[in-house]
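In the working numbering, the protein residues as written are 1005 to 1264.
Note that beta-carbon positions come from the ideal geometry of N, C-alpha and C, so glycine has one too.
Just so you know, these numbers come straight off a predicted model, no measurement behind them.
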Ligand code: PGA
């Protein structure tokens, strides 16, 4: 049985005041609904500069904290970079890797994602590796080929699947208000699980697969009802406490249904 997982990707948003307000609301709900949260793991991924503040605020809660990226290098003259080990030492649990915005705006290749993945696992962080096709690729019938290549590219190293979470985030659905239909998402998740099973069938069955791309409270129940959608990577809706909490609650309901 795979535990539900809801991760908020805050991207380059926030101030100390907004982090305090947003986490304040989530933490109130966390205390009030401990039982709900027990069935679902929840995490937030603020910018690097807000990590320490978020970690302090979440210290006594069940909400974990993660980073949105890490360097592939361990230390050295890499101006502007942050090592996985530094994030682990700070107390981060998760790290998002290979997000399409990193691939698009920072020219991240599959090789670089693979190197970051190895560095993250080495440091003891739990990586969430993002894959997903563009609209043009989907329309050209290449969605599966693209996703398979991204997976293969990222998983070239000796990283065991047990340490891995994969997020399927179709680029055309990110921040656009266009969500993949539950069937489109489930189809791709089945395909991804199949790709992982080619590496290790037992671990693939236990690997959590998140869907991301315009997830919000209003559309998440149908997504979570799919057998291979184990949670969500949430962008815009993660910045609104009631929305994010509603998504966590929906994951808890889905976890209960799947376990019956
Ligand atoms: P979105 O972003 O929910 O705003 O579409 C998701 C993501 O980029 O992880």
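In DSSP terms, what residue i is bridged to
{"i": "residue 1100", "result": "1132"}
{"i": "residue 1172", "result": "1135, 1215"}
{"i": "residue 1261", "result": "Note: residue 1261 sits in no beta bridge, so no partner."}
{"i": "residue 1008", "result": "1044"}
{"i": "residue 1068", "result": "1047"}
Selected residue, minimal CA-CA separation from residue i, among the options
{"i": "residue 1201", "options": "1156, 1061, 1177, 1229", "result": "1156"}
{"i": "residue 1151", "options": "1022, 1233, 1192", "result": "1192"}
{"i": "residue 1109", "options": "1099, 1023, 1175", "result": "1175"}
{"i": "residue 1010", "options": "1246, 1260, 1238, 1247", "result": "1238"}
{"i": "residue 1257", "options": "1015, 1044, 1014", "result": "1044"}
{"i": "residue 1172", "options": "1050, 1219, 1129, 1248", "result": "1219"}
{"i": "residue 1027", "options": "1056, 1183, 1007, 1006", "result": "1056"}
{"i": "residue 1119", "options": "1139, 1159, 1148", "result": "1159"}
{"i": "residue 1180", "options": "1139, 1248, 1187", "result": "1139"}
{"i": "residue 1095", "options": "1106, 1182, 1105, 1059", "result": "1059"}
{"i": "residue 1131", "options": "1230, 1016, 1211, 1232", "result": "1211"}
{"i": "residue 1143", "options": "1112, 1203, 1228, 1188", "result": "1188"}
{"i": "residue 1069", "options": "1075, 1078, 1050", "result": "1050"}
{"i": "residue 1165", "options": "1194, 1198, 1195, 1203", "result": "1203"}
{"i": "residue 1148", "options": "1190, 1103, 1163", "result": "1190"}
{"i": "residue 1116", "options": "1261, 1102, 1250", "result": "1102"}
{"i": "residue 1093", "options": "1019, 1222, 1261, 1128", "result": "1128"}
{"i": "residue 1106", "options": "1184, 1098, 1073, 1216", "result": "1073"}
Min CB distance residue i to chain B below 8 angstroms
{"i": "residue 1209", "result": "Protein chains in the displayed structure number just one, and chain B is not present."}
N- and C-terminal bounds of the alpha helix (DSSP H) containing residue i
{"i": "residue 1196", "result": "1186 to 1203"}
{"i": "residue 1018", "result": "Residue 1018 -> no alpha helix (DSSP H), and no H or E assigned at all."}
{"i": "residue 1074", "result": "Run containing residue 1074: none; DSSP gives neither H nor E here."}
{"i": "residue 1093", "result": "1088 to 1094"}
{"i": "residue 1163", "result": "Element bounds for residue 1163: n/a, residue is neither H nor E."}
{"i": "residue 1052", "result": "1052 to 1062"}
{"i": "residue 1146", "result": "Counting along the chain, residue 1146 falls outside any alpha helix (DSSP H), and DSSP gives it neither H nor E."}
{"i": "residue 1126", "result": "1114 to 1127"}
{"i": "residue 1227", "result": "1221 to 1228"}
Extent of the continuous beta strand (DSSP E) run through residue i
{"i": "residue 1212", "result": "1212 to 1216"}
{"i": "residue 1045", "result": "1044 to 1049"}
Check whether the region 1197 to 1207 touches the region 1242 to 1251, taking contact to mean three or more Cβ pairs, one atom from each stretch, closer than 8 angstroms.
In short, these stretches do not touch, since the Cβ pair count stays below three.
Does the structure place the region 1076 to 1095 close enough to the region 1134 to 1147 that three or more beta carbon pairs sit under 8 angstroms?
Cβ pair count under 8 angstroms is below three, so no.
Enumerated in chain order, which unbroken segments of the beta strand (DSSP E) with a length of 3 residues or greater are wholly contained in the region 1230 to 1257?
With a minimum length of 3 residues, the continuous beta strand (DSSP E) runs that stay inside the region 1230 to 1257 are 1235 to 1238.
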